[in-house]
Amino acid sequence: MQIGGAVTQSCINQLQALAVQHPCVLVTDAPARQADHAFSVHDVWVPELRWLHRYAHVPRQMLFLLQTGIYLCLSREARGTDLVIFHSHPPAALLTPILHRVLRCKVVMVVHGDIRDRPPGTYDPRLTWWYAINTLPAYRRADAIIALSPYMANLAYGGGARPSKVHLAPNGVDAEEIGLTAHDIKGTTTCTELLFVGRLEFNKGIDLLIDAFRTLAPLYPELRLTCIGSANTAIMKPLLDQLRQDQLIERLRLLPQQPREQLGQHYQSASLVIVPSRSEPQSTVTMEAMAAGRAVIASNTGGNPMLVDPGKSGLLFRNGDRTDLIEQLDNLLASPATLQAMGQAALDRHRSLFSRARVAEAFVHCIDNL
1279 MQIGGAVTQS CINQLQALAV QHPCVLVTDA PARQADHAFS VHDVWVPELR
1329 WLHRYAHVPR QMLFLLQTGI YLCLSREARG TDLVIFHSHP PAALLTPILH
1379 RVLRCKVVMV VHGDIRDRPP GTYDPRLTWW YAINTLPAYR RADAIIALSP
1429 YMANLAYGGG ARPSKVHLAP NGVDAEEIGL TAHDIKGTTT CTELLFVGRL
1479 EFNKGIDLLI DAFRTLAPLY PELRLTCIGS ANTAIMKPLL DQLRQDQLIE
1529 RLRLLPQQPR EQLGQHYQSA SLVIVPSRSE PQSTVTMEAM AAGRAVIASN
1579 TGGNPMLVDP GKSGLLFRNG DRTDLIEQLD NLLASPATLQ AMGQAALDRH
1629 RSLFSRARVA EAFVHCIDNL
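Using the numbering used here, the first residue of the sequence shown is number 1279, and each one after it goes up by one.
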């Protein structure tokens, strides 16, 4: 909860939906941010371990699991627990056998990623090891797996989960979460502003996007690129040096991570949103762009093919293929009318398939069946 981001928002959205009919408790290392949540919260204290610097993640998670397990097994509230939902592989792998034996409850794991799907070097080797040793046991031990996309479901099958245990229930996003109302959403009439939202790192494909921008910017004098998110300095420095060398640096705007409720104005200012990730279980950015009425060009990996309807609400390019990204992007930049029509189609697709209310139905249905 302290980290925030897509997993935190997904957890809160799911609990809000379940709390309509079921009493729910959130066990967390930080209080839920929404004051109007319909579930109760139990805080567990986990030391920061700042002296470990970037190596603190694994020991902090182990301490969190220990305290969570003790709370669930000893608290009075836990005596009536029917179901425990985890949002990560390590707790599902390590705590499920204990919860089965002590509480005789069922355990569900929501799959937000898989270490086997990450490009080599994405994480510190120690963190990679921690997730690697827990991933396959989690798939085998949990009573059910909630997959955000068909791609993640296939990874669960490959990890040893029985097909009967795997259920599809994507995340959802509402325009209000990014600070937009229906009145605020306007169609785009230009092809001049490209937008990237996310960590500026190799896994998110920022190098592919910068290369495509360098290639096309001389052909489109008005074209600009805005990137929002924290930057990996080692990745970004040579890319920025190339832009300076090409005299294109003034057409790039770098912004730090923005409050989520302010992202809507950036989507509305954009003509097109680019999601060039090399690994993407289910892109929150793609759903936010759709909710804002913007077409998306995304890599054809992970959950992106589920979100983007190619040729109608956006385009897909071959994962990691710079040339294909440049060609797809060039096609849209040359046709403002197509871009505008795709933006409207993206908005319609979001409202019919990926609003919070729509996806909550699928999630609650899975849980109720258990």
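Each residue gets a CB set at the ideal place from its N, CA and C atoms; glycine is no exception.
Quiz item: Just reading off the beta strand (DSSP E) that Ala1612 is part of, what are its end residues?
Solution: No beta strand (DSSP E) contains Ala1612, which DSSP labels as neither H nor E.
Quiz prompt | Other residues of its chain near His1365: CB distance less than 8 Å, five sequence neighbours each side excluded | solution = Val1285, Ser1288, Cys1289, Met1387, Val1388 and His1390
Self-check item: Of the residues Pro1534, Met1565 and Ala1297, the one placed nearest Ile1552, counting alpha carbons only
Solution: When the alpha-carbon of Ile1552 is set against those of Pro1534, Met1565 and Ala1297, the nearest one is in Met1565.
Quiz item: Hey, which unbroken runs of the beta strand (DSSP E) at 3 residues or more fall wholly within the region 1351 to 1396?
Solution: 1361 to 1364 and 1384 to 1389
Quiz item: For the region 1498 to 1514 against the region 1465 to 1478, are there 3 or more C-beta pairs whose distance is under 8 Å?
Solution: yes
Self-check item: Opening and closing residue of the beta strand (DSSP E) in which Arg1629 lies
Solution: From DSSP, Arg1629 is part of no beta strand (DSSP E); its letter is neither H nor E.
Quiz item: Which one of Ala1490, Thr1562 and Gln1560 has the shortest CA to CA distance from Leu1530?
Solution: Ala1490
Quiz item: Under the three-state reduction of DSSP, which class applies to Cys1469: helix, strand or coil?
Solution: coil
Practice problem: Can you say whether Tyr1333 is buried or exposed, counting buried as having 16 or more other CB atoms within 10 angstroms of its CB? | Solution: Under this definition Tyr1333 is an exposed residue.
Quiz item: Below 8 Å, can you find three or more Cβ-Cβ pairs linking the region 1447 to 1458 to the region 1626 to 1642?
Solution: yes
Quiz item: Mind checking whether Ala1416 and Val1444 have CB atoms under 7 Å apart?
Solution: no
Quiz prompt | Contact check, Asn1481 vs Ser1549, beta carbons under 7 Å | solution = Contact check for Asn1481 against Ser1549 fails: the beta carbons are separated by 7 Å or more.
Self-check item: Beta carbon of Leu1486 nearer than 7 Å to that of Leu1603
Solution: Yes, these two residues count as a Cβ contact at 7 Å.
Quiz item: Which value, in whole angstroms, describes the spacing of the CA atoms of Ile1411 and Leu1372?
Solution: 11 Å
Self-check item: As assigned by DSSP and simplified to three states, the class of Val1475
Solution: strand
Quiz item: Would you call the region 1319 to 1328 and the region 1339 to 1354 in contact, with 3 or more CB pairs under 8 Å?
Solution: yes
Practice problem: Have a look at Ala1623, Val1336 and Thr1459 and flag the residue whose alpha-carbon is nearest the alpha-carbon of Thr1406. | Solution: When only C-alpha atoms are compared, the closest one is Val1336.
Self-check item: C-alpha distance - His1650 paired with Leu1610, whole-angstrom precision
Solution: With the chain covering 1279 to 1648 only, the question about residue 1650 has no answer from this structure.
Quiz prompt | Span separating the alpha-carbon of Asp1524 from that of Leu1497 | solution = 13 Å
Quiz item: Can you name, in chain order, every residue of its own chain whose Cβ lies under 7 Å from the Cβ of Gln1540, other than the five neighbours on each side?
Solution: Gly1457
Exercise. Would you identify the three-state DSSP class for Asp1321, choosing helix, strand or coil?
Key: strand
Quiz prompt | Other residues of its chain near Leu1625: CB distance less than 6 Å, five sequence neighbours each side excluded | solution = So the qualifying residues of the chain are Gly1571.
Quiz item: Going by DSSP, what residues sit across from Ala1422 in a beta bridge?
Solution: Val1386
Exercise. Return helix, strand or coil for Arg1538, following the three-state DSSP convention.
Key: helix
Self-check item: Those residues which DSSP pairs with Ala1509 across a bridge
Solution: For Ala1509, the beta-bridge partners assigned by DSSP are Leu1478.
Practice problem: Count the other C-beta atoms from every protein chain shown that fall within 10 angstroms of the C-beta of Pro1559, then say buried if there are 16 or more, exposed otherwise. | Solution: buried
Self-check item: DSSP state of Ser1547 mapped onto helix, strand, coil
Solution: Reduced to three states, the DSSP call for Ser1547 is helix.
Quiz item: Using a Cβ-Cβ cut-off of 7 Å (strictly less than) and excluding sequence neighbours within five positions of Gly1476, which residues of its own chain qualify?
Solution: Lys1482, Gly1507 and Val1563
Quiz item: Where do the ends of the beta strand (DSSP E) carrying Leu1532 lie?
Solution: Start and end: Leu1530 to Leu1533.
Practice problem: Apply the 10 Å Cβ neighbour rule to Leu1593 and answer buried if 16 or more other Cβ atoms are within range, or exposed otherwise. | Solution: buried
Practice problem: Grab the span of the beta strand (DSSP E) containing Ala1576 for me, first residue to last. | Solution: Val1574 to Ser1577
Quiz item: Is it true that the CB of Ala1509 sits closer than 7 Å to the CB of Leu1533?
Solution: 7 Å or more divides the Cβ of Leu1533 from the Cβ of Ala1509.
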